[in-house]
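Peer 1:
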Amino acid sequence: MSTVPAFKPATDDIVLSARNVVKTYGNTRALKGVAFDVHRGTVTALFGENGAGKSTLMKILSGVESPTSGTIELDGHVVSFHSPTEARDRGISIIHQELSLAPNLSVSDNIFMGRELQTPTGVNFAEQERQTRALMADLEADDIEPGTLVEDLRLGQQQLVEIARALSVNSRILIMDEPTSALSATEVEVLFKVIRELTARGVSIVYISHHLEEALLVTDHAVVLRDGTITATAEAKDIDLNWIVRHMVGENFDLGSPPDEHGFGEVALSVRDVSVSDPANPSTLLVDHLSLDVRRGEIVCIYGLMGAGRTELLEAIAGRVPMETGQVLLEGNDVSRLSIAERIANGLALVPEDRQRDGLVQTMSVGRNLSLSSIAAFSKFGWLSGAREQSLVDRLIRNVRVKTAGDDAPIGSLSGGNQQKVVIGKMLMTNPKVILLDEPSRGIDVGAKAEVFKLLAQGARSGLAVVYSTSEVGECLSIAHRIVVMHRGRISAQFESDATVTKEMIMAASGEAVLS
Amino acid sequence: MIDAKPKSAGSGISSGGFDIGRLLLEGRAFFALILIIIVFSFLSPNYFTPSNLLVMSSHVALFAILSIGMLLVILNGGIDLSVGSTLGLCGVVAGALMQGVTLPTLGATLYPKVWVAAVLVCVLGALIGAVNGVLIARLKVPAFVATLGVMYMVRGIALLMTNGLTYNNLGGNPELGNTGFDWLGFNTILGIPIGVIVMAVIAVIGILTLRRSAFGRWVYASGGNERAAELSGVPVKAVKVSVYVISGLCAAVVGLVLSSQLTSAGPTAGTTYELTAIAAVVIGGAALTGGRGTIRGTLLGAFVIGFLSDGLVIIGISSYWQTVFTGAVIVLAVLLNAVQYRRRVKPAADSTGGPSPLPKRGDAVTADAVREK
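So the sequence lines, in the order shown, correspond to chains A and B. Residue numbering for the first sequence follows my numbering, starting at 10 and increasing by one per position. Residue numbering for the second sequence follows my numbering, starting at 10 and increasing by one per position.
This is the structure in structure tokens:
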């Protein structure tokens, strides 16, 4: 990706600022006196681990919450918002990480939700459609038809719709919470182009992201939040990745390196000639006669863009979606006909991509979520042993380092990173032989990411076969022994992880960058 | 990393702090019941007498058993509108068996023993439940629609079988060895009606199952998030079919007890009972979306409805007012349910009953994470 210097307009005045904002929830002080400025026509990136207070600060700026004390100033005037609609009417819009679209409605219905174009005879659907088309063209997403139902779009496309919606209300200040987490490199370029156009027009952007390197490419200012206070601010041109991480976590660190290779054992997972068809379009293959072997103790990283077929491949191996062709062998045994539960019992576990939808039971506590897949380990003839469950859960919480008020805390009280650790911990508790992880680091902070990778490396050292999929090139070059690149349902390249592999090579194989 | 584990009474919120509001909210069914008993004892001298309490309890027992089956279905995220019809058909079939089954091919009439008839009837209830379960779990028919359809079909079968008439002769004949049907409805053990004892037994089994068995955990998990449960290895389809089978079984038991109490088995028995069962579950605090609820709450809900209705009868208020009151109680219960669950979703800040508040723990983790590297 090329680095385009950000355009900074001559006037650098402050359009929105938080002064000594404190936010308390019961016993917890989420924000401890934050001073935060947004300069007109610039991009300000806000970095911080999960639990640092970024979401809280953004909720206050966008009107979802009110500060316990302290003030917000808009154009120099003190304001207080009682609802996000009020904030939006004053020109502040927020695009959430967890998308807020109605899946059963079309793209244009979602974009015009709440502000439909009314005429005396009803809603002017044609005009809405026309405007939607224009908006999507602006984002270079012409392939998204205004009439398509949002639930039929891929996650990345849904995000583009969310962005289009915010843009359509002509906001002066746009807060973007993890906007690129499900976008391909090409889509990210488009987004950055749009961001630059917006800033040139005078729109100010607050950009929250865990993709640190990427954020540095687009932002003018950087602000780091840690434990409810701002620990550092700087101009983007003066800093680098290490600076950000240092202020976020307090120390330099890396995502780790591949554990020792000498421990590779037998082939644990053998994927042979597997194909998965598109449910919406049965003649298209999302996974196209793919074969892959993973040995015990080996860590394989599957890299690919959205649409490459990574999720479908992992779900087929786990037993969630049916295979058109092929077999899956676990330690030599054919598991292709087994149910999900049977595969887990045999030692094949999947950590899904969408933890809210597929990974966690929101009505249960942390402990019960953790133990859900391993009930057999603490039950006899179907009766549970409370004591054994408790000790297993406690041990797991310690090993996986879940930050929680207690094993009986509601799962919703945990930060995104800790929730992800719960999902991973739940599958690790089943003592699998092979663990599959679909985008395990999506939407979690650097610290949690490092811990997750450490867990996987640890597991590999004790003989676990690890397969994880990612769309962040940097993650491929961390702990993986082997990098498999998928493109349109096939393996387009494989690399043994050594010094000769570069990001460019990986990205070229996935079809998103051109090797010069 | 956690430095301390605040222990709580099971349901997921730490019980730290003495918050009157929350106490009242969580115990609302219980306090409502106390209130009802106090008010009606005041309004009528006959209300709080042992004999009346037992009579009311035996009325409640019928709905309570039905509600327990309904609770399982609702916990799993479904609904069962067919239980009223099922209990009616089961009563009718019991009556038919007591009249004797004539087999033309053998030229003989069988008079099954009472316990055989009871078992066969329970199997029938379970089968109807299985039909519901398969429709919903395998054929993906929405629960509301499937059980509504089954409700009509089963009621229709009961009417067809009896031509609209009732079986009145359930007493049996000593010479044929099939007496004893009235035992369920009329006998008492230590002064407690059998119906109430059956309710207690079923409740205890239910509580043990939900709290201490793998199946119970599966019910809660698939009710809370079926996709996540399935990916976690829970056999969601089997669980779904099972809860409907259990519900059908409960309906069969109630059908037996009711026809025994009335000494008649009619095809219209149990009409609208399913709605009362659902009401009891809701009043007891369960969420209709699934994943939340307890047997204790459901029992309290059944008692609230039962004691309220019977109380209104005792003080002579028209039965039409009963319907108004019961409806109002249901709406109020749902509103309070919503308040309770909204409070729960707030971040851990509210519920840290343990000695270390969150910020300190947060620091500890970050420091640890750094030290480890």
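All C-beta atoms, glycine included, are put in the ideal place defined by N, C-alpha and C.
Could you run through the segment 295-321 of chain B and flag, in chain order, every residue whose CB is less than 9 Å away from some CB of chain A?
Peer 2: Under the 9 Å Cβ criterion, the segment 295-321 of chain B contributes Ala296, Thr298, Gly299, Gly300, Arg301.
Peer 1: Would you say Trp392 (chain A) faces chain B, with C-beta separation under 8 Å as the test?
Peer 2: Output row for Trp392 (chain A): interface = yes.
Peer 1: Under 8 Å Cβ-Cβ, which residues of chain A neighbour Pro244 (chain B)?
Peer 2: What Pro244 (chain B) touches in chain A: Ser348, Ala350.
Peer 1: Taking the alpha-carbon positions, what's the Ala130 (chain A) to Asp118 (chain A) distance?
Peer 2: Note that residue 130 (chain A) is Thr in the sequence shown, not Ala. Approximately 18 Å, taken between the alpha carbons.
Peer 1: Using only alpha-carbon positions, find the residue among A:Ile326, A:Leu108, A:Arg49 that is nearest to Thr208 (chain A).
Peer 2: Residue A:Arg49 is the option with its Cα nearest to Thr208 (chain A).
Peer 1: Name the one or two DSSP bridge partners that Thr208 (chain A) has.
Peer 2: Answer by DSSP bridge pairing: none, since Thr208 (chain A) is not bridged.
Peer 1: List, from N- to C-terminal side, the alpha helix (DSSP H) runs of 4 residues or more that fit wholly inside the segment 45-98 of chain A.
Peer 2: Entirely contained in the segment 45-98 of chain A, the alpha helix (DSSP H) runs reaching 4 residues are, in chain order, 63-70, 93-98.
Peer 1: Output the residue ranges of the alpha helix (DSSP H) runs that lie fully inside the segment 154-184 of chain A and measure 4 residues or longer, sorted by chain position.
Peer 2: DSSP runs (the alpha helix (DSSP H)) wholly in the segment 154-184 of chain A: 164-177.
Peer 1: Determine whether the Cβ of Met373 (chain A) lies closer than 8 Å to any Cβ atom of chain B.
Peer 2: Interface residue, yes.
Peer 1: For Ser26 (chain A), which three-state DSSP category applies?
Peer 2: Looking at Ser26 (chain A) - three-state DSSP - the assignment turns out to be strand.
Peer 1: Does the beta carbon of Ile11 (chain B) come closer than 8 Å to any beta carbon on chain A?
Peer 2: With a pLDDT of only 36 at Ile11 (chain B), under the threshold of 50, the placement of this residue in the model should not be trusted; the figure read from the coordinates follows. It does; some Cβ of chain A falls within 8 Å.
Peer 1: Does the segment 472-482 of chain A come close enough to the segment 306-313 of chain A that 3 or more CB-CB pairs lie under 8 Å?
Peer 2: Taking 8 Å as the limit for Cβ pairs, the verdict is that the segment 472-482 of chain A does touch the segment 306-313 of chain A.
Peer 1: Can you list, in chain order, the residues of its chain with a C-beta nearer than 7 Å to that of Leu81 (chain B)? Leave out the 5 residues immediately preceding and following it.
Peer 2: Cβ neighbours of Leu81 (chain B) beyond the five flanking positions: Val228, Val252, Ile255, Ser256.
Peer 1: State the CB to CB distance for the pair Val227 (chain A) and Ile204 (chain A), rounded to an integer number of angstroms; the pair is presumed to be in contact (CB under 8 Å).
Peer 2: Yes, Val227 (chain A) and Ile204 (chain A) are in contact; Cβ-Cβ is about 6 Å, under 8 Å.
Peer 1: When the distance is taken between beta carbons, is Gly434 (chain A) closer than 8 Å to Val455 (chain A)?
Peer 2: Cβ atoms of Val455 (chain A) and Gly434 (chain A): not closer than 8 Å.
Peer 1: Are at least three pairs of beta-carbons, each pair with one atom in the segment 93-104 of chain A and one in the segment 180-194 of chain A, less than 8 Å apart?
Peer 2: A contact exists between the segment 93-104 of chain A and the segment 180-194 of chain A.
Peer 1: Using a Cβ-Cβ distance under 8 Å, would Ile384 (chain A) count as near chain B?
Peer 2: By this cut-off, Ile384 (chain A) is an interface position.
Peer 1: Determine, using beta carbons only, whether Glu2 (chain B) comes closer than 8 Å to chain A.
Peer 2: Examination of residue 2 (chain B) is not possible in this model, given that chain B is present from 10 through 382 alone.
Peer 1: What three-state label does DSSP hand Met495 (chain A) in the structure shown?
Peer 2: Strand at Met495 (chain A).
Peer 1: Are the C-beta atoms of Ala357 (chain B) and some chain A residue less than 8 Å apart?
Peer 2: Reliability of the predicted coordinates at Ala357 (chain B) is poor, the pLDDT of 37 falling under 50, and no value is obtained from them.
Peer 1: For the beta strand (DSSP E) containing Leu359 (chain A), list its first residue and its last residue.
Peer 2: Residues 357-360.
Peer 1: Where does the unbroken beta strand (DSSP E) through Ala241 (chain A) begin, and where does it stop?
Peer 2: Run containing Ala241 (chain A): 238-244, per the beta strand (DSSP E) assignment.
Peer 1: I need the boundaries of the alpha helix (DSSP H) containing Gln336 (chain A), first residue and last residue.
Peer 2: Not the alpha helix (DSSP H): Gln336 (chain A) falls in the beta strand (DSSP E), residues 334-339.
Peer 1: So which residues of chain A does Ala230 (chain B) contact, with C-beta pairs closer than 9 Å?
Peer 2: Within 9 Å Cβ-Cβ: Val370, Thr372, Met373, Arg377, Asn378, Leu381.
Peer 1: Say whether chain A places a C-beta atom closer than 8 Å to the C-beta of Ile29 (chain B).
Peer 2: Judged by the 8 Å Cβ criterion, Ile29 (chain B) is not in contact with chain A.
Peer 1: Which full runs of the alpha helix (DSSP H) of 4+ residues lie inside the segment 197-240 of chain B, going along the chain?
Peer 2: Counting only runs of 4 or more, we get 203-221, 223-233, 235-240.
Peer 1: Can you give me the C-alpha to C-alpha distance between Gly46 (chain B) and Leu193 (chain B), rounded to a whole angstrom?
Peer 2: Note that residue 46 (chain B) is Ile in the sequence shown, not Gly. So the two alpha carbons sit approximately 27 Å from each other.
Peer 1: So, helix, strand or coil for Glu505 (chain A), using DSSP?
Peer 2: If DSSP states are grouped into helix, strand and coil, Glu505 (chain A) belongs with the strands.
Peer 1: Would you mind giving the Cβ-Cβ distance between Gly310 (chain B) and Val291 (chain B), rounded to the nearest angstrom? I have them listed as a contact below 8 Å.
Peer 2: About 7 Å; that satisfies the 8 Å criterion.
Peer 1: Please report the Cβ distance between Val330 (chain A) and Glu340 (chain A), rounded to the nearest whole angstrom; I am assuming they are in contact, meaning their Cβ atoms lie under 8 Å.
Peer 2: Not a contact, Cβ separation roughly 22 Å.
Peer 1: From this set, B:Asn234, B:Ser66, B:Gln270, which residue's C-alpha is nearest Val370 (chain A)'s C-alpha?
Peer 2: Measuring from the Cα of Val370 (chain A), the nearest candidate turns out to be B:Asn234.
Peer 1: Keeping to the same chain, check which residues put their C-beta closer than 7 Å to that of Val402 (chain A); ignore five residues upstream and five downstream.
Peer 2: Contacts found: Gly376, Leu379, Ser380, Asp416.
Peer 1: Mind checking which residues open and close the alpha helix (DSSP H) that includes His298 (chain A)?
Peer 2: Taken as a continuous stretch (DSSP letters only), His298 (chain A) belongs to no alpha helix (DSSP H), being part of the beta strand (DSSP E) at 290-304.
Peer 1: Any chance you could list the alpha helix (DSSP H) runs of at least 4 consecutive residues sitting entirely within the segment 112-160 of chain B, in chain order?
Peer 2: 123-142, all fully within the segment 112-160 of chain B.
Peer 1: So, helix, strand or coil for Thr511 (chain A), using DSSP?
Peer 2: Correct three-state label for Thr511 (chain A): coil.
Peer 1: Out of curiosity, what's the CA-to-CA distance linking Ala508 (chain A) and Gly265 (chain A)?
Peer 2: If you take the alpha carbons of Ala508 (chain A) and Gly265 (chain A), they lie about 15 Å apart.
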